[in-house]
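Structure record follows, encoded as structure tokens.
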Amino acid sequence: MGSSAIERFLRRYATLVTTYRALFIVGTLTVTALFASQIPKIEVDPAPENLLSASDSEAIETQEIFAEAFGDNSRILLVLITAADVLTEPNLLYQHQLATALKAIDGVERVESITEMILPRVIDPALEPAEEEDFDLDDLEDLDSLEDEDLEDSFDPETVNLMVDIFEADPERFEGGLQVMGPRIQETLRFESITNEEGLVEDAETKIRAALDASPLLVGRLISEDSQAVAIALFLRDVEGREMPHLVRSVEEAIAALKAPDETEVRVAGLPFVRNTIAERLRTDQLVLLPATLLVCMALLYFAMRWVLGVFLPIIAVSLTLLIVLGGMAITGMQLNILNNIIPPLLIIIGITDAIHLLIRYRDELPRRGAQKLAGFHTVFILASALFFTDITTSVGLGSLYAAKTAMLRNFGIIAAIGVLVAYLITIVFVPPVMIAAKPPPLPDPKKKRSRPLETFLVIFTARVLRNPWPVLLITLGILAVSTFFAFRVRVDHALLDQFDKDDPVYVTTRLLEEKLDGIRPMEVIFETDDPELFIDPEFIAAIERVQAFAEEDSIILRTMSYPAMLRQSLTLFANDAALWEEPFRSKAQVNALVSLLERREESPIARFMTEDRTLARMQLMFRDAGAEAAIRFIDKVEAEFERELAEYPVTLRYTGDAYTGSKTQSAVVLDLLASLLAAILIIFVILTLFFRSLRLGLLSIPPNLIPLVGTLGYMAVRDIPLNMSTVIIFSISFSLAVDGSIHVLARFREEMNDGKAPASALLRAARGTGRANVISYLTLTCGFGVMLLSSFVPIRQFGELIAVTVATCMIATVFLLPALLRVFSPKQTPIELGRSDLERH
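Number 2010 in our numbering belongs to position 727 of the sequence shown; there are no gaps in the numbering.
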């Protein structure tokens, strides 16, 4: 479409929107009402790990394989109890009473607690004579599944055969075989709970300590090594997202209703609790950020306009935008999460800056055109294309986030990009007919020469820059050099707890879980084979145990777990010999017997670490939340170790879990987003070149907005704010927003040049015509994003801080640097001396 065709279209549209005002207003309100009616259906995704969840097909396939084979571990709510000693009788009684109360909560499938488990205990037969009960297969309990079941009268034949295989594999340790070992095991092992219907059994404290000595795999999982922390695990049914707050409140009420022993603290923890906390805070943030953003914008609008309609019309316009976007999210199933929680404030700020340019130009046109309709026509005709290109560049910048490997980031980019275009449509469809129909703004008194001090200052300042452009360029180069120096020192890292302040209860509790138990960030290693004999091969087991031991030496690993450890605990209980923890398994028959005994249970404990067909097994590595950089270093090392140890075995390895996918995705996505930012800059440059129909003007629009990004990187290094997926998106947004000011200056500059003005004179007129709107727009962006410092989440506060710094720097660059660049590099025409008469004319 040629320029004349575009002009004809703009003229036709400007005529329609200023003539059929009621139609445009009613149509906009009707469409908005239809979308707004869907908002109650919008859902919340409070999962913080989704910010780091990989979305490539291989990662998704691995996650699905893991969930199908080993279950979903994400629905475990923890009640963390801390005291000087959680194994004293008062604390044990409290744990039992609390576990009983928690079992009764609707939505809790089962509760796992050391007070409710049937735990093995090695005894002295002389001190505790055997009761009239026989040893049972279900007595081969481990930490993952200890249940209170009636003991069977005797061993079945298959169980006897399996135990014979175990004893014959190590005849020196199991001297006498089944005839000797069977009765001895019955005499020396007890399997019982420390609670009954009346409360604690006699000597409960002594018995639980002995039981924990016999079940070392429990230590670090449900109870800390120093006995100062214990967890009650609540396995939740698959509740709907809207039910979770009620369930968590029920747990908190159960805790509050039961008095804890003195100096005992109780906290709720676990991923469901973190998700629920985030969901509640997302709602609170919206209640705080939206009104605060609107109030700040209204104050700035009143300062800029001194016109009631100029204050409320932009607010109404952005409100319509939000209703349409949120309704669209509900219709398309897009969820509100920790990242797109910033979209409403973002759209408010962008929409208001568009309205500012439109209203200020309308006010400028009124004295020249006289009639409101004519002034509105020229405003729409002149600014419709400029606003379109500013918003399309913003949309391109936001849309570049679609290159991310995570669905959360991609959805954020899509929603925000579409939202910006919706804001443009509302600005150009709804604002013009309303402003024309309303009472016109108060016009400045033409008899008062300095009635607009801001415009006067900008014209004088621009004139000085035009007289001395080279010092400005040299100073800019110096600032760029310093910023680049610091920018290369910015950290690239991300930790899950970056979402929270260090004094936040979620942060404190999670760190306590890491200190006392096994934390919340797993890496799952899946072993896949077609040979069902492989996982019972002692040599293969020795190989994976060597890697497991290698992993445990790294400070980032809190705890590891694998199926061989479960087998060793059972074997150690049979032999009553702790040395077996360090010795290799003797034969396939021995391992097969141990696995088969555990598989014969009604709820096989080993099923959580090996499938029944023995083609899939897993190893779990629990990570400290030390950041993605440290995690990736460890992951690279452990992957290399697995490759070295298992090279000769017919096994395929897959990796999943939050610690793995989050860290790997973090590294890849940051690079992807930086690359997409460069692509966005190139696309924006092409768009601007086409808009201005000038390669030179397209090039000149980039430096004033690119240099501040380097400055922001330097600022991040000084503030020690890491570059990660939460902060890298700032650059896509900042660049696409900040370039808007340059577009308005260059568009006005081109307009004045087309009217026959010399470059210097055109620049002065551009400074006067766009300066006020640009400064107010940049201040609105800076202050509007500054409101995000009130957020409950650290990334959102950092987002607000960094984007405010970038936009404020862009404002300075637009005022200082852009005129200097245009003076030196704009098309050369007859030089014009800038005397006082020029300033007076402009």
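Just so you know, even glycine gets a beta-carbon here, dropped at the ideal spot from N, CA and C. Here the structure is a predicted model, which means the values were calculated and not measured.
Any idea what DSSP makes of residue i, helix, strand or coil?
i, result
"Pro1867", "coil"
"Gly2083", "helix"
"Pro1323", "helix"
"Ala1770", "helix"
"Ile2004", "coil"
"Val2126", "As shown, the chain starts at 1284 and ends at 2125. That puts residue 2126 outside it, with no answer to give."
"Gln1618", "coil"
"Thr1365", "strand"
"Ile1388", "coil"
"Leu1370", "coil"
"Phe1810", "strand"
"Glu1399", "coil"
Report the rounded CA-to-CA distance for residue i versus residue j, giving the unit in angstroms.
i, j, result
"Ala2049", "Arg2031", "5 Å"
"Phe2068", "Gly1680", "17 Å"
"Ala1552", "Phe1518", "13 Å"
"Leu1423", "Arg1891", "Unreliable placement is indicated for Leu1423, whose pLDDT of 43 sits below 50; no coordinate value is reported for it."
"Lys1490", "Arg1404", "7 Å"
"Gly2024", "Gln1321", "35 Å"
"Asn1356", "Arg1772", "38 Å"
"Leu2047", "Leu1982", "21 Å"
"Glu1931", "Ala1862", "29 Å"
"Pro1987", "Ile1966", "17 Å"
"Leu1779", "Ala1911", "9 Å"
"Arg1979", "Phe1671", "21 Å"
"Asn1694", "Thr1345", "22 Å"
"Ala1764", "Ala1958", "22 Å"
"Leu1603", "Leu1312", "8 Å"
"Ala1512", "Leu1376", "15 Å"
"Leu1505", "Arg2002", "39 Å"
"Leu1370", "Glu1508", "12 Å"
"Thr1944", "Ala1962", "26 Å"
"Val1534", "Leu1385", "7 Å"
Which residues in the same chain as residue i place their Cβ atom closer than 7 Å to its Cβ, once the five residues preceding and following it in sequence are excluded?
i, result
"Ala1658", "Tyr1645, Glu1648, Leu1649 and Arg1652"
"Val1755", "Val1748, Phe2099, Leu2100 and Ala2103"
"Val1717", "Ile1308 and Leu1596"
"Ala1699", "Ile1626, Leu1629 and Leu1681"
"Phe1318", "Leu1606, Ile1607, Gly1610 and Gly1611"
"Ala1352", "Thr1894 and Leu1899"
"Phe2014", "Leu1960 and Leu1992"
"Glu1546", "Ala1366 and Ala1367"
"Leu2006", "Val1773, Arg1774, Val1775, Val1953 and Met1999"
"Ala1382", "Val1394, Ser1396, Thr1398, Glu1399 and Ile1515"
"Thr1478", "His1379, Thr1398, Glu1399 and Val1484"
"Arg1897", "Pro1815 and Phe1818"
Kindly indicate which residue of the options has the alpha-carbon position closest to the one of residue i.
i, options, result
"Leu1402", "Ser1498, Ala1387 and Ile2004", "Ser1498"
"Val2077", "Tyr1790, Ala1958, Lys1920 and Thr2092", "Tyr1790"
"Arg1520", "Pro1555, Val2011 and Gln1462", "Pro1555"
"Leu1578", "Ala1543, Thr1560, Ile1632 and Glu1535", "Ile1632"
"Ala1825", "Cys2093, Cys1580, Arg1869 and Leu2029", "Arg1869"
"Ala1494", "Glu1455, Ser1533 and Met1400", "Met1400"
"Ile1561", "Met1527, Ala1539, Ala1540 and Glu1536", "Met1527"
"Lys1799", "Ile1364, Thr1935 and Gly1634", "Ile1364"
"Asp1781", "Ala1350, Gln2081 and Glu1886", "Gln2081"
"Pro1867", "Ile1889, Glu1822 and Ile1506", "Glu1822"
"Arg2106", "Leu2062, Ala2087, Ser2075 and Ala2043", "Ala2043"
"Ala1913", "Glu1922, Ala1923, Ser1946 and Val1934", "Ser1946"
By Cβ distance, which residues of its chain are closer than 6 Å to residue i, with the 5 residues on each side in sequence left out?
i, result
"Leu1741", "Ala2050 and Gly2054"
"Leu1445", "Ala1876, Ser1879 and Leu1880"
"Met1464", "Phe1450 and Phe1457"
May I ask whether a heavy atom of the ligand HEM can be found less than 7 Å away from the beta carbon of residue i?
i, result
"Glu1536", "Of the ligands one can find in the structure shown there are none, so the ligand HEM has no counterpart to examine."
Can you list, in chain order, the residues of its chain with a C-beta nearer than 8 Å to that of residue i? Leave out the 5 residues immediately preceding and following it.
i, result
"Arg1907", "Glu1797, Gly1802, Arg1804, Ser1838, Ile1839, Ile1840 and Leu1841"
"Val2070", "Leu1572, Ala1575, Thr1576, Val1579, Pro1628 and Gly2083"
"Ile1289", "Ser1668"
Legend entry - Any alpha helix (DSSP H) of 4 or more consecutive residues that is wholly inside the region 1517 to 1577: 1527 to 1540
Legend entry - alpha helix (DSSP H) segments (min. 4 residues) lying fully within the region 1918 to 1965: none
Legend entry - In chain order, each alpha helix (DSSP H) run of at least 4 residues that lies wholly inside the region 1817 to 1864: 1821 to 1835 and 1846 to 1858
Legend entry - Every unbroken alpha helix (DSSP H) within the region 1453 to 1513, with a cutoff of 4 residues, ordered by chain: 1460 to 1471 and 1487 to 1497
Legend entry - Segments assigned alpha helix (DSSP H), at least 4 residues, entirely inside the region 1599 to 1683: 1626 to 1652 and 1655 to 1682
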